[in-house]
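What follows is one structure encoded as structure tokens, with my remarks underneath.
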Amino acid sequence: MATIAFIGLGNMGGPMASNLIKAGHAIVGFDLSAPAVEAAKARGIAISPSAKEAVAAADAVVTMLPSGKHVVAAATGAEGLFAAAKGGTLFIDSSTIDVASARAFHEAAKAAGHLSVDAPVSGGVGGAEAATLTFMVGGSDPAFAAARPLLEAMGKKIVHCGGAGAGQAAKICNNMILGISMIAVSEAFVLGEKLGLSHEALYEVASTSSGQCWSLTTYCPVPGPVPTSPANRGYQPGFAAALMLKDLRLSQEAAGTAGAATALGAAATALYTAFAEQGNEGKDFSGIVEWIRTRDET
Ligand code: NAD
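Residue numbers (our numbering): 74 to 371.
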């Protein structure tokens, strides 16, 4: 049993911290938001008056924060978490952040004498509640070995992707595929409609042919063929368009820095930006099919 500080108890962090408690660990949580703190208390999570006090007594620290600037600001500097922790503490950042911030996080952790992994997740709030998240992990072998048992209490698949920042790299590459493939599937259904093809017929063909992909067979953007997809409940998320857009923007930032040609990633980012700006940020990202249907390219 370890004492774990959990910083960031929002939609994902709250249930993830709960699962660490269920696995027998002692959790000391902290969040800046009063509603998040109240929700965490209702889950039985002990709350510290400050992040610094939470980490001072911890063997490991998990951060689950909105973006890279939040993670770097919280962790580094004279008043940051690295300075407040005892030497050799394990830091796990599970937020989805840009690769450059993830590398800065690792460098500062190392300079302060700590172990660190970037360990972003896929699986959403449902996966966080059910402890079935996939963790994509970047960091040294000893840091990964130390983090693994804690990640196993919160997820069902743990992949060591490589050194510092490799987890974030895997996450944004995967989600760039997802954003592009959802648009591809949506465009195919809209084209099929205009050609007089039924959703069912296109689904039956494509789901067993070379067009098969997760966006089609698990998350089909039109109602009917996959009864559990958000299309059957008015595009309630699921995975909100705002989060898809965040990840696509991170992919484009990384592509620019790395000099990778990602023309379809750029196009998907532009389309999700336009979709989100028209009041659809809170809809499931598969709702883009409705917006594509209203566009007239003639
Ligand atoms: P959220 O906004 O619900 O939670 C983030 C929490 O961090 C908030 O409660 C906020 O008050 C807190 N916070 C911000 N700065 C802080 C600080 N300095 N100290 C303490 N607390 C601070 O967001 P979420 O949905 O839980 O997502 C967290 C991360 O996980 C994001 O990076 C997101 O992209 C990623 N993610 C989310 C999902 C999802 O489905 N929600 C899926 C995969 C990954």
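Just so it is clear, CB atoms sit at the ideal spot from N, CA and C, and this is done for glycine as well. Since the structure is predicted, the reported quantities are computational estimates derived from the model, not experimental observations.
Contact check for Gly-83 and Ala-109: beta-carbon distance about 5 Å, within the 8 Å limit, so the pair qualifies. By the Cβ-count criterion, Met-227 is buried, with 16 or more other Cβ atoms from all chains shown falling within 10 Å of its own Cβ. Distance from the CA of Ala-257 to the CA of Val-299, rounded to the nearest whole angstrom, comes to 17 Å.
A distance below 7 Å between beta-carbons, with the five flanking residues on each side excluded, links Ala-328 to the following residues of its chain, in chain order: Thr-335 and Gly-338. Annotation: the continuous alpha helix (DSSP H) that includes Phe-348 extends over 336 to 348.
It is roughly 5 Å from the alpha-carbon of Ala-313 to the alpha-carbon of Lys-356.
Distances from the CB of Lys-319 to the heavy atoms of the ligand NAD include at least one below 7 Å. Of Arg-176, Cys-286, Ala-343 and Ala-184, the smallest CA-CA separation from Leu-321 is found for Ala-343.
Ala-242 is the residue among Gly-252, Arg-366, Ala-201 and Ala-242 whose C-alpha sits nearest the C-alpha of Ala-173. Excluding residues up to 5 positions away in sequence, Phe-155 lie with their Cβ nearer than 6 Å to the Cβ of Ala-185 in the same chain. By the Cβ-count criterion, Pro-139 is exposed, with fewer than 16 other Cβ atoms from all chains shown falling within 10 Å of its own Cβ. In the assembly as shown, Gln-325 is a buried residue. Its beta-carbon has 16 or more other beta-carbons within 10 Å.
Counting only runs that start and end inside the segment 224 to 304, the alpha helix (DSSP H) elements of at least 4 residues fall at 239 to 267, 272 to 279 and 287 to 290.
Between the alpha carbons of Ala-127 and Ser-288 lies a gap of roughly 40 Å. Contact check between the segment 74 to 82 and the segment 192 to 205: fewer than three CB pairs, one atom from each, fall below 8 Å, which does not count as touching. Between Ser-359 and Tyr-308 a beta carbon distance of about 7 Å is seen, short of the 8 Å cut, so the two are scored as contacting. Exposed is the label assigned to Pro-122, since fewer than 16 other Cβ atoms lie within 10 Å of its Cβ. In this structure, DSSP gives Gly-211 an extended state, which the three-state scheme calls strand. Annotation: the continuous beta strand (DSSP E) that includes Phe-103 extends over 99 to 103.
Secondary structure note for Leu-188: its beta strand (DSSP E) is the uninterrupted segment 188 to 191. For Gly-311, same chain residues with a beta-carbon under 6 Å away, outside a window of 5 residues either side, are Pro-303 and Asp-357 in chain order. Taking 7 Å as the cut-off, the C-beta of Met-85 counts as close to a heavy atom of the ligand NAD.
When C-alpha distances from Glu-225 are compared across Met-255, Leu-93, Lys-319 and Ile-365, the shortest belongs to Leu-93. For Gly-86, the CB contacts under 7 Å within the same chain, skipping 5 residues up- and downstream, are Phe-79 and Met-137 in chain order. Using a cutoff of 7 Å, the CB of Ala-331 does not count as near the ligand NAD, since none of the ligand's heavy atoms is closer than that.
Ala-315 sits away from Ala-237, with the two beta carbons spaced by 8 Å or more. Where Phe-164 is concerned, the enclosing beta strand (DSSP E) starts and stops at 163 to 166. Taking Thr-290 as the centre and dropping the five residues before and after it, the same chain places the C-beta of Ser-280 and Val-299 closer than 8 Å to its C-beta, in chain order. The Cβ atoms of Ile-165 and Val-145 lie no closer than 8 Å to each other.
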